[in-house]
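Chemist:
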Amino acid sequence: SDLSHLKSHSSPTFKRRPASYMTMGLRKLDMENWLTIDSGDYQYYAARRQLLSEAKEEVIQCLPGGEAACEELLGVVTQFLAKKYPREYEVFEGYLGQESIRNNVTGEEFSLKMPYNFHPLEVVARLAVEDFNILIKSEFTGKHHLLASATLSPAGWYLRDRIGNSVTDIHSPVPQWEGKLSKPVEHYFNRLDQKSSMERSSIFIQVRPPGRSLAEILFIQEPKDFFPGNVNNLWPRDIIIRRERQAFRRLPKTNAVVFTVKTSITPLVQLPKEELEGLAAEIRSWPEDIATYKGKGLWGRLILGYCD
Numbered sequence: 001s002d003l004s005h006l007k008s009h010s011s012p013t014f015k016r017r018p019a020s021y022m023t024m025g026l027r028k029l030d031m032e033n034w035l036t037i038d039s040g041d042y043q044y045y046a047a048r049r050q051l052l053s054e055a056k057e058e059v060i061q062c063l064p065g066g067e068a069a070c071e072e073l074l075g076v077v078t079q080f081l082a083k084k085y086p087r088e089y090e091v092f093e094g095y096l097g098q099e100s101i102r103n104n105v106t107g108e109e110f111s112l113k114m115p116y117n118f119h120p121l122e123v124v125a126r127l128a129v130e131d132f133n134i135l136i137k138s139e140f141t142g143k144h145h146l147l148a149s150a151t152l153s154p155a156g157w158y159l160r161d162r163i164g165n166s167v168t169d170i171h172s173p174v175p176q177w178e179g180k181l182s183k184p185v186e187h188y189f190n191r192l193d194q195k196s197s198m199e200r201s202s203i204f205i206q207v208r209p210p211g212r213s214l215a216e217i218l219f220i221q222e223p224k225d226f227f228p229g230n231v232n233n234l235w236p237r238d239i240i241i242r243r244e245r246q247a248f249r250r251l252p253k254t255n256a257v258v259f260t261v262k263t264s265i266t267p268l269v270q271l272p273k274e275e276l277e278g279l280a281a282e283i284r285s286w287p288e289d290i291a292t293y294k295g296k297g298l299w300g301r302l303i304l305g306y307c308d
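Here the sequence shown stands for residues 1 to 308, numbered as in the UniProt record's numbering.
(1) Per DSSP, what are the beta-bridge partners of residue 315 in this structure?
(2) Going by DSSP, which residues form a beta bridge with Ser285?
(3) Per the contact definition of three or more C-beta pairs closer than 8 Å, is the segment 223-238 in contact with the segment 45-62?
(4) Which one or two residues does DSSP pair with Ala215 in a beta bridge?
(5) Going straight from the alpha carbon of Leu146 to that of Ser138, what length do you get?
(6) Does Ser53 come out as helix, strand or coil in the three-state DSSP assignment?
(7) Can you look up Val123 in the DSSP assignment and give me helix, strand or coil?
(8) Measure from the alpha carbon of Leu73 to the alpha carbon of each residue in Glu54, Lys84, Leu112, Ala47, then state which is nearest.
(9) What would DSSP say about Thr263, mapped onto helix, strand or coil?
(10) Please determine, among Leu96, Gly94, Tyr85, the residue with the shortest C-alpha to C-alpha distance to Asn104.
(11) Below 8 Å on the Cβ atoms is my contact criterion, and I expect Glu222 with Gly156 to pass it. Report the Cβ-Cβ distance as a whole number of Å.
(12) Can you tell me which of the three DSSP states Met22 falls into?
(13) How close, in whole Å, do the beta carbons of Ser153 and Thr263 come, if the pair is a contact with beta carbons under 8 Å?
(14) Taking a contact to mean a Cβ-Cβ separation below 7 Å, would you say Leu29 touches Glu199 in this structure?
(15) Cutting at 6 Å between CB atoms, please list the residues of its own chain near Arg102, excluding the five before and the five after it.
(16) Alpha carbons only, please: which of Asp38, Lys7, Asp41, Ala68 is nearest the one belonging to Asn255?
(17) Per DSSP, what kind of secondary structure is Tyr158 in: helix, strand or coil?
(18) If you drop the 5 nearest sequence neighbours on each side, which residues of the same chain put their C-beta closer than 6 Å to that of Tyr306?
(19) Thinking C-beta only, is Leu214 closer than 7 Å to Ala47?
(20) Please report the residue range of the beta strand (DSSP E) in which Val91 lies.
(21) Given Val269, which residues of its chain have a CB within under 6 Å of its CB, disregarding the five upstream and five downstream residues?
(22) Would you mind stating whether Leu3 and Ser39 have Cβ atoms separated by less than 7 Å?
(23) What's the gap between the Cα of Tyr116 and the Cα of Gly295?
(24) Out of Glu88, Phe248, Lys143, Ser196, which has the shortest C-alpha to C-alpha gap to Tyr45?
(25) Between Val167 and Ile283, what straight-line distance do the alpha-carbon atoms span, to the nearest angstrom?
(26) If we count the other Cβ atoms within 10 Å of its Cβ and call it buried at 16 or more, is Glu130 buried or exposed?
(27) With burial defined as no fewer than 16 other Cβ atoms inside 10 Å of the residue's Cβ, what is the status of Gln246: buried or exposed?
(28) Compare the Cα-Cα distances from Arg27 to each of Ala128, Asn133, Arg249, Phe204 and report the closest residue.
(29) Nearest to Gln194 by CA position, among Asp225, Leu251, Thr151, Phe226, is which residue?
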């Protein structure tokens, strides 16, 4: 299926007048745009299929206690996509009357009821171009833990290390998290409902060596792999801007929190002038420890010089 008829939702805009970094830049989520497909997303479907065939254990994890939420998520995602994008997604009665969905972008078909032909979490990963994380509150710790995840575009981390951990533990390497953010985030997850669904965006800078496939660019488990090769000899054409659009909503039946991440990449040299100004403003707003965490020492002078 050709996606050229779809409008481009474009990548998240840069925060031109950035709020305090630690308020997380949350804004209300328009539920109509919870999941999106853009006219240029075909390449991401292909990269995701490649990762699911080559590295499934690294990108799909579900612990006991997460299964019911994965099944509910499949139903919610299917309903959403088939309604919003009827040309791309078709629900139909399959073999032996089994309710199924066809992804017309990739030509794949999936059973929506047991027996599944793929795990429900893998089905949502093959239907959408978002990554999906399921957070469930533990009655033992009182915190939300990551019990299931389809993460095909990790930004410098290993899913197998994070699965099962609390949100607080997962983010402990992030500067300023422990002291300032962990309590407000848990508080937000506790009271999250349909009216308080939120979204935010985040950016990373990445180097694209010649010959790297899109799948290799998206799937980054080691932070150092954002900057492979000789970083002393970088040109603007080597730099890509990696943007994450993150959204938070609750599943009504299992009460699980779903945290989605849509990753898109744009070469620095393809950004229009007004976006370059926004990019520079956002980078300059980062506190020093966040800037260090994101590798600004390696690329700051080059990118800000190019933007200005």
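Don't be surprised by glycine CBs; every beta carbon is placed ideally from N, CA and C.
Modeler: Checking against the coordinates, here is how it stands:
(1) Lying outside 1 to 308, the shown extent of the chain, residue 315 is not represented and no answer is given.
(2) Numbered from 1 along the sequence shown, position 285 holds the residue referred to as residue 285. Partner(s): none; Ser285 has no beta bridge.
(3) no
(4) Your numbering for residue 215 matches position 215 in the sequence shown. The partner list for Ala215 (beta bridge, DSSP) is empty, contrary to what the question assumes.
(5) For this step, residue 146 is matched to residue 146 along the sequence shown. For this step, residue 138 is matched to residue 138 along the sequence shown. About 10 Å.
(6) Locating residue 53 in the sequence shown gives position 53, where the first residue counts as 1. Residue state, collapsed to three classes: helix.
(7) Along the sequence shown, one-based indexing puts residue 123 at 123. It is helical.
(8) Your numbering for residue 73 matches position 73 in the sequence shown. Across the set Glu54, Lys84, Leu112, Ala47, the C-alpha of Leu112 shows the shortest separation from the C-alpha of Leu73.
(9) Mapped onto the sequence shown, residue 263 falls at position 263. Three-state DSSP puts Thr263 in a strand.
(10) For the purposes of this step, residue 104 is identified with residue 104 of the sequence shown, where counting begins at 1. Residue Tyr85 is the option with its Cα nearest to Asn104.
(11) In the sequence shown, residue 222 corresponds to position 222, counting from 1. In the sequence shown, residue 156 corresponds to position 156, counting from 1. Indeed, because the Cβ distance is near 6 Å, the residues count as touching under 8 Å.
(12) Taking the first residue of the sequence shown as position 1, residue 22 is located at position 22. For Met22, the predicted model reports a pLDDT of 48, less than 50, meaning its position is unreliable; a value from the coordinates is still stated below. Helix.
(13) Position 153 of the sequence shown holds residue 153. Position 263 of the sequence shown holds residue 263. Confirmed, Cβ separation roughly 4 Å.
(14) Start at 1 with the first residue of the sequence shown, and residue 29 comes out as number 29. Start at 1 with the first residue of the sequence shown, and residue 199 comes out as number 199. Yes, the pair counts as a contact, with Cβ atoms nearer than the cut-off.
(15) Here residue 102 is taken as the residue at index 102 of the sequence shown, counted from 1. The beta carbon of Arg102 lies closer than 6 Å to those of Glu90, Glu109 in the same chain, with the five residues before and after it left out.
(16) Indexing the sequence shown from 1 puts residue 255 at position 255. Among Asp38, Lys7, Asp41, Ala68, the Cα nearest to that of Asn255 is on Ala68.
(17) For the purposes of this step, residue 158 is identified with residue 158 of the sequence shown, where counting begins at 1. Three-state result, Tyr158: coil.
(18) By one-based count along the sequence shown, residue 306 stands at place 306. The answer, listed in chain order, is Pro236.
(19) If you number the sequence shown from 1, residue 47 lands on position 47. If you number the sequence shown from 1, residue 214 lands on position 214. Yes.
(20) Along the sequence shown, one-based indexing puts residue 91 at 91. Looking at the DSSP string, the run of the beta strand (DSSP E) that includes Val91 is 89-93.
(21) Indexing the sequence shown from 1 puts residue 269 at position 269. Closer than 6 Å at the Cβ level, and outside the excluded window around Val269, lie Pro236, Arg237.
(22) For the purposes of this step, residue 3 is taken as the residue at position 3 of the sequence shown. For the purposes of this step, residue 39 is taken as the residue at position 39 of the sequence shown. It is a contact, given that the beta carbons lie within the stated cut-off.
(23) In the sequence shown, residue 116 corresponds to position 116, counting from 1. In the sequence shown, residue 295 corresponds to position 295, counting from 1. Cα to Cα, the separation comes out at about 43 Å.
(24) Working through the sequence shown from its first residue, we reach residue 45 at position 45. Selected option, being the one with the closest Cα: Glu88.
(25) As a position in the sequence shown, residue 167 is number 167, starting the count at 1. As a position in the sequence shown, residue 283 is number 283, starting the count at 1. Taking the straight line joining both Cα atoms gives about 25 Å.
(26) Sequence index remark: in the sequence shown, residue 130 carries index 130 (1-based). Taking all protein chains shown into account, Glu130 has 16 or more neighbouring C-beta atoms within 10 Å of its C-beta and is therefore buried.
(27) Position 246 of the sequence shown holds residue 246. Looking at its Cβ environment, which holds 16 or more other Cβ atoms inside 10 Å, Gln246 is buried.
(28) Residue mapping note: residue 27 aligns to position 27 of the sequence shown, counting from 1. For the residues Ala128, Asn133, Arg249, Phe204, the minimum Cα distance to Arg27 belongs to Arg249.
(29) Along the sequence shown, read from residue 1 onward, the residue named residue 194 stands at position 194. The candidate whose alpha carbon is nearest that of Gln194 is Leu251.
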